[in-house]
Every structure is written in C-alpha cells, then in structure tokens.
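For the sequence shown, UniProt numbering begins at 1 and goes up steadily by one.
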Amino acid sequence: MLSHAHEVFLEVARQLSFTKAGQTLFLSQSAVSKRVRALEEHYKTGLFERLGNAVQLTAAGELLYRKLLLARQLQHELEQEFTELSPEFQPRQQMVIGASTTISLYVIPPVLSAYLGRYPHTQLTLKNRNSENILKALLEHEIDLGIIEGIHKVSHVTYTPLLTDEVVAVCSARNPLHRRELEAQDLRRTPVALRETGSGTLAVLEEALQTHGIRLTDLPVKVRLGGTEALKNFVRVDTCLAFLPRQSVMKELAAGELVEVPVRDLNLVRHFDFVQRKGTENNLPYKTFVQFARRYYGNAQR
1 MLSHAHEVFL
11 EVARQLSFTK
21 AGQTLFLSQS
31 AVSKRVRALE
41 EHYKTGLFER
51 LGNAVQLTAA
61 GELLYRKLLL
71 ARQLQHELEQ
81 EFTELSPEFQ
91 PRQQMVIGAS
101 TTISLYVIPP
111 VLSAYLGRYP
121 HTQLTLKNRN
131 SENILKALLE
141 HEIDLGIIEG
151 IHKVSHVTYT
161 PLLTDEVVAV
171 CSARNPLHRR
181 ELEAQDLRRT
191 PVALRETGSG
201 TLAVLEEALQ
211 THGIRLTDLP
221 VKVRLGGTEA
231 LKNFVRVDTC
241 LAFLPRQSVM
251 KELAAGELVE
261 VPVRDLNLVR
271 HFDFVQRKGT
281 ENNLPYKTFV
291 QFARRYYGNA
301 QR
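Structure representation (structure tokens):
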C-alpha cells in the first residue's frame, strides 16, 4: 500500500505545486514539504527542482512518479477485487472531478449522492468551472476526470457520453416574446443575454447559429453573464431572451416564472460527456465512477 508520503508526492508531482497539492489534500504547505523531504532523505536524492515559486521533477522524481502511478493503479485494482470478494472491505479512496456549471448544479449531484451511498469511504471533491476551463484543468493534470457540455473536441482527450439535453430559449412571463414563435433570423433583431466565452451552452448556440449563417456578433447582445444562475436571474426581471439548458430551468418553467420561446428552425441539442486524458480511461476509481454514472442516467431515461 502506498504510504501517505508517497500520496503527497504524487499530488505535488501531478500539480507541480506544493501549494495546490496542500489545498487538494487539506494539508498546510509546510506539512507537504515535510513529507517530500522525508522521501528525498529516504531515496538519498532530490525529487523536485525548485525554481522560485515553480517546481519541476528531477530525473529521480520522474522515475518515482511513473512507478508510483503503476503502483497506485495496482492498488486500486486489488481493492476493487477485494470489495467484490468481501463487501465488508471498504477502502478509503480519493477522487477529484471537474464539471461544468450546468452539470455541477443540475446533473451530477444526484449521481454523487447515489455513488457515495454505494461507496461511502470515497472522499470526493467536485470542482465547478465552465467547460473550457475544465478541459484546461484536465490537460494540466489538475484533475483526472471531467464532465463537460457542448462542442470541445481536443486531441489527447477521450470523450465518453453521459447524457443528452437541449438548450431552450426563455424569457420572462411578462415579456411579449412569450406569445411568439421565432425563426433563427429573428434573433438578429431580438435583444439577448448570453453566457461567457468558454461556456458549453454558448458553444452549442454558436454552432447552431452558424448553420443559418449567423454569428454571435450579429446578435444584439445586451449582456454577457458568467454562470447559469446569474443569467437565469437576469432574464427573469429583464425583457431580453436567454438560451439556457432545459435541465436548469425546469422548475421556473413549471412555476411560470420563465416561458419557453420556440425558435422553429434552431436545433439546440447538446451532449454531456466525460473527458479523460488518453491512456487513463481504465484508471480506478474513475472508471468505476464513469460506469456508475452512465448506468444511473441510462436507467433514469428508460
């Protein structure tokens, strides 16, 4: 079994930051440094080269990192097999997952609750950012599993489908638009509120508009807001149109606080996907979580 010092080393090596590793592990920076120094004394060599506020692995550190990743995978596999043989065996595991705003707020919470009910010894951390920044965190090894929305095809990343949803145009019930059916070209003359750059919801809208020869810059954009809740609260009291995931406005539509405005020729279907760096798809416990979440929503949609 990996020692605590080895787990700390792995986190520092993954993030190349003593400070970020400490935040993830809920340790002070001095505690992180103490455990790394203990390993350096044990192996009689330096594991990190310190360059001001940045660090990088030495040759010895690279070797240790590669071998410990293999050891951790074997440990997870062993624990998984023992769990199947003996249900009373419940090893403590850590997972850090990143998810885009809509998914963090409306899609993944029930899955997390069900998963933790099945695997109660998991220490799970969820990081909430827009889809673009989740991809960035994945590629920078800050997280090992992300869940994003929209169109973000990047090389060196694998995409595993989770759920299909749609983006809908909504406005306040007091807005005269709620009695109309629009066409895509009408959006050139309709004031709109949009999400910020990097949003998966915005990416889906942009792609759909392009099929009609419309760019985002062609729209009379009244405001851009970061986050689904901010956009939802704004459009509730304003007279403009907003494009929001159906998952995020179901309660408001049912209560009559917001009204869906049909845009007849605009296809705004989007997909929620798991994202992982290529080559890490079989790493446990993330593989188990992906399978669990897909079963959860597969059963829910039948």
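Glycine included, C-beta positions come from ideal geometry on N, C-alpha and C.
Using 8 Å as the threshold, is the C-beta distance between residue 64 and residue 18 below it? no
Return the chain-ordered list of same chain residues with a C-beta closer than 8 Å to the C-beta of residue 33, the five sequence neighbours on each side being excluded. 18
What are the boundary residues of the alpha helix (DSSP H) that includes residue 260? Unbroken run through residue 260 is the beta strand (DSSP E), 258-260; no alpha helix (DSSP H).
Residues bridged to residue 143 by DSSP? Bridge partners of residue 143: none, in fact.
How is residue 178 classed by DSSP in three states: helix, strand or coil? helix
Entirely within the stretch 83-113 and at least 3 residues each: give me those beta strand (DSSP E) ranges in chain order. 93-99
Quick check on residue 54: buried or exposed, where buried means 16 or more other Cβ atoms within 10 Å of its Cβ? exposed
On the criterion of 16 or more Cβ atoms from any shown chain inside 10 Å, does residue 282 qualify as buried, or is it exposed? exposed
In angstroms with no decimal places, state the Cα-to-Cα distance between residue 185 and residue 24. 48 Å
Exposed unless 16 or more other CB atoms sit within 10 angstroms - verdict on residue 62: exposed
Figure out for me which residue from 163, 106, 272 has the closest Cα to the Cα of residue 298. 163
Considering residue 183, what are the terminal residues of the beta strand (DSSP E) in which it resides? Residue 183 -> no beta strand (DSSP E), and no H or E assigned at all.
Taking buried to mean at least 16 other C-beta atoms within 10 Å of its own C-beta, is residue 130 buried or exposed? buried
Straight-line Cα distance separating residue 22 from residue 16: 11 Å
Answer yes if the stretch 182-196 comes into contact with the stretch 208-228, meaning at least three C-beta pairs across the two stretches below 8 Å, and no otherwise. yes
What beta strand (DSSP E) runs, 3 residues minimum, are completely inside the stretch 206-273? 221-225, 241-245, 258-260
Just to confirm before moving on: does the CB-CB distance between residue 203 and residue 267 stay below 8 Å? no
Between the CA atoms of residue 197 and residue 47 - distance to the nearest angstrom: 39 Å
Can you find the residues in the same chain that come closer than 8 Å, C-beta to C-beta, to residue 1, ignoring five residues on each side of it along the sequence? 75
Taking the alpha carbon of residue 120 as the point to measure from, which residue in 92, 295, 233, 136 has its own alpha carbon closest? 92
On a CA-only basis, which of 295, 67, 284, 239 is nearest residue 122? Give me that one, please. 284
Beta-carbon proximity of residue 275 to residue 148, cut-off 8 Å: yes
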